[in-house]
Amino acid sequence: MQVTHLFLKPEPRVDMKPVEQLQFTPNGLKDNVPCQPLRHVLISSLPIATECGLVPGDLRENIVVDDRELYGLASGTVVAISEARIRLTFHCEPCKGILAKVKLRDILHKRGVLGCFLNSGEIRVGDSYSVERKQFDPIPYEIKDRIKWYVAQQSTPVAADKLVYEIGLSKSYLRALPALIRRTPDLDPSRITFKSHQQTAERTRA
169 MQVTHLFLKP EPRVDMKPVE QLQFTPNGLK DNVPCQPLRH VLISSLPIAT
219 ECGLVPGDLR ENIVVDDREL YGLASGTVVA ISEARIRLTF HCEPCKGILA
269 KVKLRDILHK RGVLGCFLNS GEIRVGDSYS VERKQFDPIP YEIKDRIKWY
319 VAQQSTPVAA DKLVYEIGLS KSYLRALPAL IRRTPDLDPS RITFKSHQQT
369 AERTRA
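For the sequence shown, the working numbering assigns the number 169 to the initial residue and increments by one for each residue that follows.
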């Protein structure tokens, strides 16, 4: 199996830019818009996208591979693309722009798999792609479960804005977070504070 297409997103809400190579570090892709820690890169399956009537780039993915079984890989699996090692985190949710091109029932859990880079290097079109093995604990796809997963790893209460950022949600979820917490009876609300992460850090330094 191999990489068939590569794309960069130089700015938010612009068309994806096809490229022949990507440079990456454990902080994400070079020359791409900054991404959250669990969303460094989006990998899509060419055969599945084709079956949905889509062409490379339609899903706003960074890496397209010819792996029909991509979406069946468990969260925590590591894939190898040339020298790159990528930890798969969770499926990417279809956004409004994607749903203007394809119906939800056809694209749910087929938009792509998000991942984070474990090393630095370069990926080129035509590079070999392979699945290594599951090396990390899974990260839940469902938002309530992902919140519980993240909070359980923290030794102290976490600021809501930091939580939203680090589990890969947009800032708009800050408004919905109190209601999500109330609907999650096994989540202790005292473990999440709605003072900003920056305020908490400043208070700690003081």
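Cβ atoms here follow ideal geometry from the backbone N, Cα and C, with glycine treated the same way. The structure displayed is predicted, hence computed values, not measured ones.
Subject >> Selected residue, minimal CA-CA separation from residue 330, among 363, 312 and 171 >> reply: For this step, residue 330 is matched to residue 162 along the sequence shown. Among 363, 312 and 171, the Cα nearest to that of residue 330 belongs to 363.
(request) Alpha carbon to alpha carbon, how far is residue 259 from residue 309? Give it in angstroms, no decimals. (result) In the sequence shown, counting from the first residue as 1, residue 309 sits at position 141. In the sequence shown, counting from the first residue as 1, residue 259 sits at position 91. If you take the alpha carbons of residue 309 and residue 259, they lie about 7 Å apart.
Quiz item: From which residue to which residue does the beta strand (DSSP E) around residue 245 run?
Solution: As a first step, residue 245 is located in the sequence shown; it is residue number 77 there, counting from the start. Run containing residue 245: 245-249, per the beta strand (DSSP E) assignment.
Output the distance between the C-alpha atoms of residue 347 and residue 250, rounded to the nearest integer angstrom. Residue mapping note: residue 347 aligns to position 179 of the sequence shown, counting from 1. Residue mapping note: residue 250 aligns to position 82 of the sequence shown, counting from 1. So the two alpha carbons sit approximately 44 Å from each other.
Worksheet item: For residue 182 versus residue 212, is the C-beta spacing smaller than 7 Å?
Response: Reading the sequence shown from its first residue, position 14 is the one you call residue 182. Reading the sequence shown from its first residue, position 44 is the one you call residue 212. Cβ distance not < 7 Å, so residue 182 and residue 212 don't count as in contact.
Practice problem: Answer yes if the segment 285-300 comes into contact with the segment 312-324, meaning at least three C-beta pairs across the two stretches below 8 Å, and no otherwise. | Solution: no
Q) Since residue 252 is in the beta strand (DSSP E), which residue starts that stretch and which ends it? A) Here residue 252 refers to the residue found at position 84 when the sequence shown is read from its first residue. Element bounds for residue 252: 252-259.
Discussion item. Going by DSSP in three states, residue 176 sits in which element: helix, strand or coil?
Written reply: Working through the sequence shown from its first residue, we reach residue 176 at position 8. Residue 176: strand per DSSP, three-state reduction.
request  = Just grab the DSSP bridge partners of residue 196 for me.
outcome  = Position 28 of the sequence shown, counted from the start, is the residue given in the question as residue 196. Per DSSP, 193.
Compute the beta-carbon to beta-carbon distance between residue 286 and residue 194, rounded to the nearest angstrom, for a pair I have assumed lies under 8 Å. As a first step, residue 286 is located in the sequence shown; it is residue number 118 there, counting from the start. As a first step, residue 194 is located in the sequence shown; it is residue number 26 there, counting from the start. Rounded, the Cβ-Cβ distance is 7 Å, consistent with contact.
* Asked: Is there contact here, the segment 203-221 with the segment 274-288, by at least three beta-carbon pairs under 8 Å?
  -> yes
| What number of angstroms, rounded off, separates the C-alpha of residue 289 from the C-alpha of residue 351? | Along the sequence shown, one-based indexing puts residue 289 at 121. Along the sequence shown, one-based indexing puts residue 351 at 183. Approximately 43 Å, taken between the alpha carbons.
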